[in-house]
Each structure stands twice: as structure tokens, then as C-alpha cells.
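K.L.:
Quick note: to get our numbering, add 21 to the position in the sequence shown (first position is 1). Shown below is the structure under consideration.
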Amino acid sequence: MPDQNPYPENYFESRDRFRTLVQQKGWELCTCPIDAKGPNGEELSIDAGILNPSSARKCLIVSSGLHGAEGFFGAAVQLQSLQMNRTAPEQVRMVYLHALSPFAFAHSRRFNEDNVDPNRNFLLRNEAYAGSPPTYRQLDDLLNPQTAPNRWDCFKARIAFSCIRHGLGKVKQAVAGGQYDFPKGIFFGGHGPSQSTKIIAQHLPMWIGDAQEIVHLDFHSGLMPWGTYQLLLDPLVTPLQYQQLNSWYGNNSYKVSEPSGEVYFTRGGFGPWCVQQTPGRNYLYLCAEFGTYSILEVLSASREENQAFHYTAKGSVHQQRAQARMREAFCPTSEEWRRVVLQQSLDLIEKSIRGLTELG
Ligand SMILES: [Zn+2]
């Protein structure tokens, strides 16, 4: 069979191809349905492909579509890797998680069926689903107009002005760091664990089995300069993990997310939660962020889609236009971009397999 274009046209094509490849290549398929529907009432699910025994001491997790619209890119990485028949030796269990936020992938959104940003929903056991940065409150009217999208509302100029007034770092942190008080707003973290969060919590022990050494590549897009990537780390990375990072991926490949740093810090992020779920194990979570357009374009696209989702009819021209803009913002159609990021992503998987294999 000739190689297919790895980039899927939509969630359903992506899932069909994922399931077919997983089974063709002799991996185990695990399907977890969610209680939400696709644009035409279709069933939705998180699908996992697993290779190698649960007794393996090491595990590589590759996940996509935590932010739905980023799944067009993240799933392409998985499909291409499966197509190329990339496997690890038996001591490394491989777990590919397709579409962690299936509703958002199917509707080309960043936010899920409850308007929750899944990567702000994984609060730790001692944290409350409440609170918002004061600057978010001040910017609520600008970020979340309660009307259909209007292309002429000068959003980019107005938010740029706010950045000059409050400081770019402060605005970035306040807007995107996560809020728990504006349920129809962007970057809303939810009022409790979402369906996806619960499904992942339930299945994670089975997915990783007995592995003590776990590397998790969670593919995202939209934050870095065009066609480049960074591995974003949580501040809790251990000295041993820094050694792993330096020798496996190189010392320029990662950045730590912290409130005062270059990369904003998010509440309810997936990584620290995964670590908390797996005490006593070496769980290295890497948010692999690939750059597309400017942060203003990505933010503006997410805002437009959110307005269209809440304040226009299902299937409206507004929604169609906003969804197309989301797909371009998070998975550009540029052939050069698609080729470069796919190569970099496959390379990250290779380096992870090699590192885990060589680990004592
Ligand atoms: Zn993302």
C-alpha cells in the first residue's frame, strides 16, 4: 500500500486510520467512548494503541489532541510512526493515545464539550477548581464578548495595547494560565474533573503497567516560532531527569514553565498530575510544543471559535469559518511546515525509544 498523507482531514478519518494501523501492526486497541457527540451525532472516543507486555519496566507514552484542534498535527505523528512500523524492544511498552479530547478534535476546538480547556483541568488533589487572575477579570469583556464573532472588532490591536499597559508577560500569564470562574470564557479550567480527565485517571495504571521509567511525549502546537519546537517542563523535574533530557534530546531542547519565566505557567496542567498519579516512579512528562503562527493569531482564532460556539447556531457560517481558522492556526496547510514538524516529532520518538532502551 502506498504511503498515505499522514495528516488527517478530520477526527473520524484520523480515528479510523489509527484503529486500522494499530490492529494491522499487531498492537492492542483500547477504545474509551465519551458521552458527547460529533457534529453529525457520531460516537466519540479516546483510543489507545499499546505494544509490548504490561510487565515491561519502561514505557513511552505518545499522546495527541489534548487540545482538540492540535490533534490534526499530533495524530499525524502517531499515524506516520505506526505506518513506518516503529516499535521498541520488548522491555519498552509503547502507548499511543489518540485524541485525548475527542469532542474538541471533532469540532476543531481547543476547548471540550463543557468548554473546559483540558490542559487546565488536571488540578492536583489539594487544589480547588476556583479563582482567576485579576487581570483576566479586567480583560473578560475583551476576551469573551457575548456576541457572534465580528472580524472588525480590532481584537489584536486592543490586546496588544493591554500588553503594553500591563506588560506582555503578565497578560500572557493572566490570559492563558487558566481561570475557573468564567465558564464560557477561553482557558476555563472547569468546575471539576472532565470526562477525559476521569477516563485517563481510570486507565493510566493499565496503560503504563509495571513500568518504573516512563517518558511521556504530549504533542501540542501553536506556541513556539514557526516550524520549531521546545519540550516544556514543569518546575518539579528532578536532577536525574535533567540528565536524561540533556543526553537524550540536547540541552537546548527544553524550557521550564514558571510564572516568572519566558513560558507561562498553567494551573491544572497534565504533566504534574501524571507525576502525582504515579508515586515512586520516574515519570518524565514532556509537553512537545510546536510553533505555528504568532501568539496573537492563535489567541484570536481561539477567541473567534469560542464566540461562534456559544453565540451562533450549530453549523453556522460563523462556526465553519472559525473552525477552518482553528485548523490553520494549529496545523498549518503549508507543506514545508508539515514536513519539518513531522520529521522533528518522529525524531523525538526515536530519541525517547533509544534513551529508554539504553537506560539501565
Ligand atoms: Zn496545546
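In this text, a Cβ means the ideal position worked out from N, Cα and C, and glycines have one as well. Fair warning: this is a prediction, and the values are worked out from it, not measured in the lab.
When you measure from the CB of H241 to every non-hydrogen atom of ligand 1, does any distance come out below 7 Å?
P.N.:
Counted from its first residue, the sequence shown places residue 241 at position 220. Yes - ligand 1 has a heavy atom lying nearer than 7 Å to the Cβ of H241.
K.L.:
How many Å lie between Q365 and S274 at the Cα?
P.N.:
On the sequence shown, position 344 is the one that residue 365 refers to. On the sequence shown, position 253 is the one that residue 274 refers to. Their backbone Cα atoms lie some 11 Å apart in a straight line.
K.L.:
Cβ-heavy atom distance between N61 and ligand 1 below 7 Å?
P.N.:
If you number the sequence shown from 1, residue 61 lands on position 40. For ligand 1, not one heavy atom lies less than 7 Å from the Cβ of N61.
K.L.:
Just to confirm before moving on: does the CB-CB distance between L145 and S84 stay below 8 Å?
P.N.:
By one-based count along the sequence shown, residue 145 stands at place 124. By one-based count along the sequence shown, residue 84 stands at place 63. The answer is no: Cβ separation not under 8 Å.
K.L.:
Verify the contact flag: N31, CB atom, against every heavy atom of ligand 2, threshold strictly below 7 Å.
P.N.:
As far as ligands go, the structure on display features ligand 1 and does not contain ligand 2.
K.L.:
My understanding is that G211 touches V137, with C-beta atoms under 8 Å, so please give their C-beta distance in whole angstroms.
P.N.:
Position 190 of the sequence shown, counting from 1, holds the residue named residue 211. Position 116 of the sequence shown, counting from 1, holds the residue named residue 137. Confirmed, about 4 Å.
K.L.:
Give the DSSP-derived three-state secondary structure of S54 in the structure shown.
P.N.:
Within the sequence shown, numbered from 1, the residue matching residue 54 stands at position 33. The sequence given here has Pro at residue 54, not Ser. Residue state, collapsed to three classes: strand.
K.L.:
Run the CB neighbour count on D255, radius 10 Å, all protein chains shown included, and call it buried at 16 or more, exposed below.
P.N.:
Looking up residue 255 in the sequence shown gives position 234. Taking every protein chain shown into account, the CB of D255 has 16 or more other CB atoms within 10 angstroms, so this residue is buried.
K.L.:
Nearer than 7 Å: is that true of the beta carbon of E349 relative to any heavy atom of ligand 1?
P.N.:
Position 328 of the sequence shown holds residue 349. Not so, every heavy atom of ligand 1 lies at least 7 Å from the Cβ.
K.L.:
Can you name, in chain order, every residue of its own chain whose Cβ lies under 6 Å from the Cβ of E325, other than the five neighbours on each side?
P.N.:
Here residue 325 corresponds to residue number 304 of the sequence shown, with the count starting at 1. Correct list, in chain order: P170 and A343.
K.L.:
Keeping to the same chain, check which residues put their C-beta closer than 7 Å to that of C184; ignore five residues upstream and five downstream.
P.N.:
Start at 1 with the first residue of the sequence shown, and residue 184 comes out as number 163. Result list for C184: V192, in chain order.
K.L.:
CB-CB under 6 Å to R38, same chain, minus the five flanking residues each way: which ones, in chain order?
P.N.:
Locating residue 38 in the sequence shown gives position 17, where the first residue counts as 1. Result list for R38: L100, in chain order.
K.L.:
Using the beta-carbon count (16 or more within 10 Å), is V319 buried or exposed?
P.N.:
Along the sequence shown, read from residue 1 onward, the residue named residue 319 stands at position 298. Counting Cβ neighbours within 10 Å, V319 comes out buried, since at least 16 surround it.
K.L.:
Is it the case that the Cβ atoms of S75 and G230 are separated by a distance below 8 Å?
P.N.:
Taking the first residue of the sequence shown as 1, we reach residue 75 at position 54. Taking the first residue of the sequence shown as 1, we reach residue 230 at position 209. Yes, these two residues count as a Cβ contact at 8 Å.
K.L.:
Assuming K276 and L244 make a contact with CB atoms under 8 Å, what is their CB distance in whole Å?
P.N.:
As a working mapping, residue 276 is identified with position 255 in the sequence shown. As a working mapping, residue 244 is identified with position 223 in the sequence shown. With a Cβ gap of about 10 Å, K276 and L244 do not count as contacting.
K.L.:
Under the criterion of a Cβ to heavy atom distance below 7 Å, does G237 qualify as lining ligand 1?
P.N.:
Within the sequence shown, the letter at position 216 stands for residue 237. The question names Gly, but residue 237 in the sequence shown is His. Because no heavy atom of ligand 1 lies under 7 Å away, the Cβ of H237 does not count as near it: no.
K.L.:
Which complete beta strand (DSSP E) runs does the region 62-117 hold, if anything under 3 residues is left out?
P.N.:
As far as the region 62-117 is concerned, its whole beta strand (DSSP E) runs of at least 3 residues are 64-72 and 79-84.
K.L.:
What is the DSSP secondary structure of V236, reduced to helix, strand or coil?
P.N.:
Locating residue 236 in the sequence shown gives position 215, counting from the first residue. Here V236 sits in strand by DSSP.
K.L.:
Along the chain, where does the beta strand (DSSP E) containing C308 start, and where does it finish?
P.N.:
Your numbering for residue 308 matches position 287 in the sequence shown. Secondary structure note for C308: its beta strand (DSSP E) is the uninterrupted segment N303 to G312.
K.L.:
Over what stretch of residues does the alpha helix (DSSP H) that includes Q44 continue unbroken?
P.N.:
Along the sequence shown, one-based indexing puts residue 44 at 23. From DSSP, the alpha helix (DSSP H) with Q44 extends over Y32 to Q45.
K.L.:
Check the DSSP bridge columns for F209 and list the partner residues they point to.
P.N.:
By 1-based counting over the sequence shown, the position of residue 209 is 188. Note: F209 sits in a beta bridge opposite Q200.
K.L.:
Tell me whether the region 296-311 and the region 54-67 touch, counting them as touching only if at least three CB pairs, one residue from each stretch, are closer than 8 Å.
P.N.:
no
K.L.:
Just to confirm, does L252 get its C-beta within under 7 Å of one of the non-hydrogen atoms of ligand 1?
P.N.:
As a first step, residue 252 is located in the sequence shown; it is residue number 231 there, counting from the start. No, Cβ of L252 sits at least 7 Å from all heavy atoms of ligand 1.
K.L.:
What would DSSP say about L254, mapped onto helix, strand or coil?
P.N.:
Counting from one through the sequence shown, the residue named residue 254 turns up at place 233. L254 falls in the strand class under three-state DSSP.
K.L.:
Using CA atoms only, rank isn't needed, just tell me which of V362, E64, S278 and L81 is closest to G198.
P.N.:
If you number the sequence shown from 1, residue 198 lands on position 177. Residue S278 is the option with its Cα nearest to G198.
K.L.:
Quick check on C295: buried or exposed, where buried means 16 or more other Cβ atoms within 10 Å of its Cβ?
P.N.:
Counted from its first residue, the sequence shown places residue 295 at position 274. When all chains shown are included, C295 counts as buried.
K.L.:
So does H88 have its beta carbon nearer than 7 Å to some heavy atom of ligand 1?
P.N.:
In the sequence shown, residue 88 corresponds to position 67, counting from 1. Within the cutoff, so yes.
K.L.:
Quick one: what's W294 bridged to in DSSP?
P.N.:
The sequence position of residue 294 within the sequence shown is 273, counting from 1. Paired residues: none, contrary to the question.
K.L.:
What does the alpha-carbon distance come out to for the pair T41 and D368?
P.N.:
Locating residue 41 in the sequence shown gives position 20, counting from the first residue. Locating residue 368 in the sequence shown gives position 347, counting from the first residue. Distance between the alpha carbons of T41 and D368 is about 23 Å.
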